[in-house]
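Asker: Residue numbers (our numbering): 3 to 323.
Ideal placement from N, C-alpha and C gives every residue a C-beta, glycine not left out.
In this text, all values refer to a predicted model and were calculated from it rather than measured experimentally.
One structure, pasted below without further comment.
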Amino acid sequence: MNKPLIDIRNLSKHFDRGRHKIRAVDDVSLSIEAGEIVGLVGESGSGKSTLGRTLLGLDRKTAGEIFYKGSKLPTVYRAKDFHRYARSMQMIFQDPYSSLNPRMTAGEIIGEALRLHSDLNKSDIAKRIEEWLVKVGLNIDHLGRYPHEFSGGQRQRIGIARALILEPDFVVCDEPISALDVSVQAQIVDLLGELKRSLGLTLLFIAHDLSMVRYVSDRMAVMYLGSLVEIGRSDHVFFDPKHPYTELLIGSNPEPDPNQERSRQKVQSIGEIPSQLDIPAGCRFANRCPHAMAVCHDVNPVLRIVSHEDDERLVACHLYE
Ligand code: ADP
Ligand code: MG
């Protein structure tokens, strides 16, 4: 097996809230191969953004290690670390409006990383900005316009150009389409797919809509209350989910597909999502799980391999032990 591009080992990110701890990311391990798109899915509040931010040093990790091309990333990022890794790792944000500086033109926004992190001269930077405008489907007329003059889809194209202009190896896309109209979502997904192929990008694609993630990602990791409960090839996870939480998520993302016999409403949500401040001792999903057994309330299940044909499926569930 190749050395993974990104190797996350037992990563935790906890926030202190008064006397309590929010275990936003709790003991997460995941390897991402070069050239792979991994979808990260889960309900809102499950810790997806925090995992993405911690990976890129935007949040300081509480415990665990992150390796990039085999070398350990720092716990605390100083300015020189951001500079050093800017060409390796970047992030595309969910909300293309609040993440773009309203006082900068599209050209300034797209070129900012080059000005900060490259030694290209002015005219080379200008040339590169123009190239990237076109690559993301905008044109030269857009250079001098401000964010409010663009549509949501166009703003996300600017966000994509800004993140990719340094041609990083690894990009975290944090729900890059969920703030966009449905009609525009597919265009942005197609654009990311094209750029992934032409640049050989590796992506962690965060989303709550599983049916979209299924199309874009090679593998899928399902997150619940700070921990990963299932990891596997996207189509396998989608059509044959093992973890009851994955089944629940797929059931709540019905996809109109007449060829699929599978009932999308099979699993009903029972119970509430526990508070992040009061995570249960056993399986975090036990209080909502239709299959919960006594052991589930006492012992937190760990990820283990449950099927191994052409797919290494990992599931954290007592049903598979
Ligand atoms: P997701 O992206 O899956 O919706 P988040 O990573 O945004 O989830 O949040 C996970 C949990 O961490 C939530 O309970 C959220 O309230 C908490 N959290 C996120 N960022 C902070 C922060 N800066 N301070 C305190 N709590 C936070
Ligand atoms: Mg989020």
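Tell me where the beta strand (DSSP E) around Glu232 begins and ends.
Answerer: Numbered from 1 along the sequence shown, position 230 holds the residue referred to as residue 232. Looking at the DSSP string, the run of the beta strand (DSSP E) that includes Glu232 is Ser229 to Arg235.
Asker: Excluding the five sequence neighbours on either side, which residues of its own chain have a C-beta within less than 8 Å of the C-beta of Arg157, listed in chain order?
Answerer: As a working mapping, residue 157 is identified with position 155 in the sequence shown. Answer for Arg157: Pro98, Tyr99, Leu102 and Pro149, listed in chain order.
Asker: Output needed for His144: all residues of its chain with C-beta closer than 7 Å, excluding positions within five of it in sequence on either side, in chain order.
Answerer: As a working mapping, residue 144 is identified with position 142 in the sequence shown. Ala108 and Leu135, listed in sequence order.
Asker: Between the segment 233–241 and the segment 191–207, are three or more C-beta pairs nearer than 8 Å?
Answerer: The segment 233–241 is not in contact with the segment 191–207.
Asker: State buried or exposed for Glu323, treating a residue as buried only when at least 16 other CB atoms are found within 10 Å of its CB.
Answerer: The count along the sequence shown starts at 1 and reaches residue 323 at position 321. With fewer than 16 Cβ atoms within 10 Å of its Cβ, Glu323 is classed as exposed.
Asker: Within 10 Å of its beta-carbon, does Leu307 have 16 or more other beta-carbons around it, so buried, or fewer, so exposed?
Answerer: In the sequence shown, residue 307 corresponds to position 305, counting from 1. According to the sequence as given, residue 307 is Ile; it is not Leu. Exposed, by the Cβ-count rule.
Asker: Apply the 10 Å Cβ neighbour rule to Ser51 and answer buried if 16 or more other Cβ atoms are within range, or exposed otherwise.
Answerer: For this step, residue 51 is matched to residue 49 along the sequence shown. When all chains shown are included, Ser51 counts as buried.
Asker: In whole angstroms, what separates the C-alpha of Ile127 from that of Arg117?
Answerer: For the purposes of this step, residue 127 is taken as the residue at position 125 of the sequence shown. For the purposes of this step, residue 117 is taken as the residue at position 115 of the sequence shown. Cα-Cα distance, rounded: 8 Å.
Asker: Please report the distance separating the alpha-carbon of Arg80 from that of His119.
Answerer: Position 78 of the sequence shown, counting from 1, holds the residue named residue 80. Position 117 of the sequence shown, counting from 1, holds the residue named residue 119. Our two residues, Arg80 and His119, have alpha carbons roughly 14 Å apart in a direct line.
Asker: How big is the Cα-Cα spacing for Leu230 and Tyr247?
Answerer: Mapped onto the sequence shown, residue 230 falls at position 228. Mapped onto the sequence shown, residue 247 falls at position 245. Cα to Cα, Leu230 sits roughly 11 Å from Tyr247.
Asker: Does Ala188 pass the burial test, meaning 16 or more other C-beta atoms within 10 Å, or should it be called exposed?
Answerer: The count along the sequence shown starts at 1 and reaches residue 188 at position 186. Its Cβ having fewer than 16 others within 10 Å, Ala188 is exposed.
Asker: Jot down the residue ranges of each uninterrupted beta strand (DSSP E) in the segment 4–92, minimum 3 residues, whole runs only, in chain order.
Answerer: 8–19, 22–34, 39–43 and 65–70
Asker: Evaluate Gln267 with the Cβ neighbour count: other Cβ atoms within 10 Å of its Cβ, from every protein chain shown; 16 or more gives buried, anything less gives exposed.
Answerer: Against the sequence shown, residue 267 aligns to sequence position 265. Residue placement at Gln267 is flagged as unreliable, the pLDDT there being 41, under the threshold of 50; the coordinate-derived value follows with that caveat. By the neighbour-count rule (16 or more Cβ atoms within 10 Å), Gln267 is not buried but exposed.
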